[in-house]
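Number of protein chains: 2
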Amino acid sequence: MREAFHEQLDSVFDDLAGICRSVESAVRLATEALLTGDAEVAERVISADVEIDRARESVEEKAFQLLSLQQPVAGDLRTVVSALRMVSELERMGDLSVHVAKIARLRVPNVAVPLEVQPTMTKMATVAEDMVSRVSQIITGRDVAAAIELGRDDEVMDQLRRASFVELLSDDWDHGVEAAVDIALLGRYYERIADHAVSVANRVVFVVTGQDPRTVGA
Amino acid sequence: MREAFHEQLDSVFDDLAGICRSVESAVRLATEALLTGDAEVAERVISADVEIDRARESVEEKAFQLLSLQQPVAGDLRTVVSALRMVSELERMGDLSVHVAKIARLRVPNVAVPLEVQPTMTKMATVAEDMVSRVSQIITGRDVAAAIELGRDDEVMDQLRRASFVELLSDDWDHGVEAAVDIALLGRYYERIADHAVSVANRVVFVVTGQDPRTVGA
Chain A
1 MREAFHEQLD SVFDDLAGIC RSVESAVRLA TEALLTGDAE VAERVISADV
51 EIDRARESVE EKAFQLLSLQ QPVAGDLRTV VSALRMVSEL ERMGDLSVHV
101 AKIARLRVPN VAVPLEVQPT MTKMATVAED MVSRVSQIIT GRDVAAAIEL
151 GRDDEVMDQL RRASFVELLS DDWDHGVEAA VDIALLGRYY ERIADHAVSV
201 ANRVVFVVTG QDPRTVGA
Chain B
1 MREAFHEQLD SVFDDLAGIC RSVESAVRLA TEALLTGDAE VAERVISADV
51 EIDRARESVE EKAFQLLSLQ QPVAGDLRTV VSALRMVSEL ERMGDLSVHV
101 AKIARLRVPN VAVPLEVQPT MTKMATVAED MVSRVSQIIT GRDVAAAIEL
151 GRDDEVMDQL RRASFVELLS DDWDHGVEAA VDIALLGRYY ERIADHAVSV
201 ANRVVFVVTG QDPRTVGA
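Chains A and B, in that order, are what the protein sequence lines are.
Note that the first sequence covers residues 1 to 218 in UniProt numbering.
Note that the second sequence covers residues 1 to 218 in UniProt numbering.
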């Protein structure tokens, strides 16, 4: 019985890692659409999101089956509930990628991000994509050290977001209000993707160690 | 045993309604700080958020106790898991109120929202606060009809957000980039508060009827 439980739990975590890889692809393609103004790539991100939604439903169903049929307690119970939370956050990261793709699509045939802000925006996108990529490995390997390391990268994203505000609020800004608003919202979306990545990684730490890294000061 | 379970579940839902009232207060005060530039009111919202976080932890603990000790199945299990999700969303609504308060605080002694955008922004804030207020009643009364009604109000928020974009992207806009960016982000925060309110209300429908109103086309 317990062995079957842990096999099914492993299968849920495999699914979570798979969803995380789909999110990684969504972030990468949304950024490509954003920086090239490619409507077709933006559409791919938007239409692929339904698959992430479906995968979430499937994980939720499996988790409920585990809770109903196996009646886990203590650590096992908390692990299943953590999986339910992780899948919600991963789905949300997919939605945020769709928001990025929609801003890209809205500005076609132009590119939403003016040339001089592209270095900062590209860094934000790269940090977000890299964090999502590492989260799928963290889930697969239940890698506590990598998860705690990821939490520290959140600060890099905060710095980049501040840098983008400095750029768009400078006296030299001559791209108008629309581009500034786009960049502020895009920054918010990438920042939220990074926040969720850290949160998912923290849940892996909790699943493995029973402790939340945010409350033990790691 | 089943009676004890349902009493404890009622107590969890009472706690959820209480957290929702705290969120309502946070939304109201954050808006007051925003429209008056009152730093002291903004600080109150920011420092009160820790109480919402603590209340969330308490509900999570109670829900885990229920799952561990009572081992609910079927509908009861889904209700407890729904409660866990509702409390996450309520806490998030509190965080979003803090974001509004922080923009207010950042612009003190000025007011972040230019006079001509205040009508639209006030409407967004009023709609958000009203939705949160109704959600606490929906939780208390397990009021399915009111919950379904609430879902329809989300459209009002979308219209207001579009109206605010029309204002800040118009040729007449002469408040600069900073105010435009503030308004775009504030609109995003109020919209997210409304989204979460609808989601919490939908979970009440699910708890009472076993069906998610989004999937049955209500």
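Every residue, glycine too, gets a C-beta built ideally from N, C-alpha and C.
Interface annotation, A/Val-12: not in contact with chain B, CB-CB separation never under 9 Å. When the Cα atoms are used, A/Gln-137 and A/Asp-143 turn out to be separated by approximately 8 Å. Listed by position along chain A, the residues whose Cβ is nearer than 8 Å to that of B/Ser-68 are Val-73, Ala-74 and Leu-77.
In terms of Cβ geometry, B/Ala-83 and B/Leu-9 form a close pair [threshold 9 Å].
Contact annotation: in the UniProt domain "PhoU" (122-204) of chain B, residues whose CB is within less than 7 Å of a CB in chain A are Leu-168, Leu-169, Trp-173, Val-177, Glu-178, Ala-180, Val-181, Ala-184, Leu-185 and Arg-188. Of the residues A/Ala-63, A/Leu-115 and A/Val-87, the one whose Cα lies closest to the Cα of A/His-175 is A/Leu-115. Counting along the chain, the unbroken alpha helix (DSSP H) around A/Gln-118 starts and ends at 118-141. Secondary structure at B/Val-111: coil, using DSSP grouped into helix, strand and coil.
Looking only at A/His-196, A/Val-181, A/Glu-191 and A/Pro-109, the smallest Cα-Cα distance to A/Val-156 is reached by A/Glu-191. Closest in C-alpha terms to A/Arg-2, from the list A/Ala-104, A/Asp-76 and A/Ala-39, comes A/Asp-76.
In the structure shown, A/Leu-29 adopts helical secondary structure according to DSSP, grouped into three states. Between B/Met-93 and the set B/Ala-163, B/Asp-195 and B/Thr-209, the nearest pair of CA atoms involves B/Asp-195. Contact note: A/Leu-90 does not reach chain B at a C-beta cutoff of 9 Å; the least C-beta distance is about 14 Å.
In this structure, the straight-line span from the alpha carbon of A/Glu-149 to that of B/Asn-202 is close to 37 Å. Taking C-alpha positions only, B/Ala-197 is separated from B/Arg-28 by approximately 15 Å. A Cβ of chain A is located within less than 9 Å of the beta carbon of B/Phe-64.
The UniProt domain "PhoU" (20-103) of chain A is shown to contain whole alpha helix (DSSP H) runs of 4 or more residues at 39-65, in chain order. Using a Cβ-Cβ cut-off of 9 Å, B/Leu-84 is close to Val-81, Leu-84 and Arg-85 of chain A, given in chain order. The C-beta distance from B/Leu-34 to B/Val-87 rounds to 26 Å, too long to fall under 8 Å, and the pair is not in contact. Counting the other Cβ atoms within 10 Å of the Cβ of B/Pro-72 gives 16 or more, which makes it buried. Looking at A/Val-205, A/Ile-193 and A/Val-200, the one whose alpha-carbon comes closest to that of A/Val-98 is A/Ile-193. Separation of B/Val-41 and A/Val-113 (C-alpha to C-alpha, rounded to the nearest whole angstrom) is 36 Å. For B/Ala-74 and B/Asp-182, the gap between their C-alpha atoms comes out near 46 Å. Taking a 10 Å sphere around the C-beta of B/Thr-120, we find 16 or more other C-beta atoms and assign the residue as buried. Out of A/Gly-141, A/Glu-61, A/Thr-122 and A/Leu-160, the CA that lies nearest to the CA of A/Ala-30 is found in A/Thr-122. Residue state for A/Ser-11 is assigned as helix, using DSSP reduced to three classes.
When the Cα atoms are used, B/Thr-126 and B/Gly-141 turn out to be separated by approximately 22 Å. Taking C-beta separations shorter than 6 Å and ignoring five residues to either side along the sequence, the partners of A/Val-135 in its chain run Cys-20, Ala-197, Val-200 and Ala-201, following chain order. The alpha-carbon separation between B/Thr-36 and A/Ile-103 amounts to approximately 32 Å.
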